[in-house]
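Student: I'd like to ask some things about the structure below.
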């Protein structure tokens with residue numbers, strides 16, 4: 019996975035997945051499933067993080 023591109027989470031490292039679109043005649047067309055990336059402040063720095071990481075970071079530790 020190319021970590022220099024902008025389409026990955028800078029916290030967990032997850033990136034896009036390969037997927038297939040299926041037409042009515044069942045012909046497969048390759049496509050990409052991208053993460054829901056949001057710009058947020060993490061440890062005083064501006065980072066691109068997936069929403070699942072942002073949700074985990076906002077949880078209160080018991």
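Numbering (the working numbering), first residue to last: 19 to 80. Note that CB positions come from ideal geometry on N, CA and C, so glycine has one too. None of the values given here were measured: they were computed from a predicted structure.
So if DSSP puts residue 40 in a beta bridge, which residue, or which two residues, is it bridged to?
Tutor: Partner(s): 46.
Student: Do residue 29 and residue 78 have their beta-carbon atoms positioned less than 9 Å apart in this structure?
Tutor: The answer is no: Cβ separation not under 9 Å.
Student: With DSSP as the reference, label residue 73 as helix, strand or coil.
Tutor: Looking at residue 73 - three-state DSSP - the assignment turns out to be helix.
Student: Let me check one thing: in DSSP terms, what residues is residue 60 bridge-paired to?
Tutor: According to DSSP, residue 60 bridges with 63.
Student: Quick one: using the 10 Å Cβ neighbour count with 16 as the cut-off for buried, is residue 67 buried or exposed?
Tutor: Residue 67 comes out buried.
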